[in-house]
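What follows is a set of notes on a single structure, which appears directly below.
In my numbering, the protein residues as written are 6 to 197.
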């Protein structure tokens, strides 16, 4: 009997599939997400955090621009020490970003700190139970756990459809997402 694939194996396969997509497919997928929008209502002034895409992640910028046009306030994450939750700082599309500790663009340290109502989350792989695999540092799991102690935060993973995998071995500290949006589908995990 073969052992189930490890998270590392699933991550490697999903990232290879994502990396094989051409720029045109990546750009079309980002536009498709923006055109569809979010599967939930957003209140005027809601804080929505996105991310600065790295490693061929789907670009959340077109969707974030649409949400800002609907009255959302935007934020981007700031990476703190490993094992700590992210913080979020206000961001507008024309704002200059600075390179953070891991070389990922972040808002200026002078930007206001915000608490998101909705977090748009990058991922390496996802399954139909709402589990995700990131890059292994656990930043988003720590952040959801920390924020949800005092606050309702909706987690929405953004991915290309090729990043779906049949099953991810979830551990007790893994926090499932509420939704995953791809260029083709909307997956709602809230009732699972």
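Each residue gets a CB set at the ideal place from its N, CA and C atoms; glycine is no exception.
Here the alpha carbon of residue 193 sits roughly 6 Å from the alpha carbon of residue 183. Following the DSSP letters along the chain, one finds residue 102 in no alpha helix (DSSP H) but inside the beta strand (DSSP E) bounded by residues 102 to 104. Collapsing the DSSP output to three states places residue 149 in a helix.
Contact annotation: residue 179 and residue 146 have beta-carbon atoms nearer than 8 Å. The distance from the Cβ of residue 67 to that of residue 39 is about 4 Å, consistent with a contact at the 8 Å cut-off.
Residue state for residue 124 is assigned as strand, using DSSP reduced to three classes. Residue environment analysis places residue 156 among the exposed positions, since fewer than 16 neighbouring C-beta atoms fall within 10 angstroms of its C-beta. Assignment of residue 188 by DSSP, reduced to helix, strand and coil, places it in the coil class. At a Cβ-Cβ threshold of 8 Å, residue 52 and residue 78 count as neighbours. The C-beta of residue 45 has fewer than 16 other C-beta atoms within 10 Å across all chains shown, which makes the residue exposed. About 17 Å separates the beta carbon of residue 126 from that of residue 105, a gap too long to meet the 8 Å contact definition. In this structure, residue 84 lies near residue 144, with their beta-carbon atoms less than 8 Å apart.
Residue 58 and residue 65 have their C-alpha atoms roughly 7 Å apart. Counted as a single uninterrupted DSSP element, the stretch harbouring residue 155 is not any beta strand (DSSP E), since DSSP gives it neither H nor E. Taking C-beta atoms under 8 Å as the contact rule, residue 173 and residue 12 qualify, at a distance of about 7 Å. Contact check for residue 63 and residue 164: beta-carbon distance about 6 Å, within the 8 Å limit, so the pair qualifies.
DSSP places residue 162 within a strand segment (E or B) once states are collapsed to three. Residues of the same chain with a CB within less than 7 Å of the CB of residue 15, apart from the 5 flanking positions on each side, are 130, 138, 170 and 173 in chain order. Residue 168 is classed as buried because its beta carbon has at least 16 other beta carbons within 10 Å across all chains shown. In the three-state scheme derived from DSSP, where H, G and I count as helix and E and B as strand, residue 33 is classed as helix.
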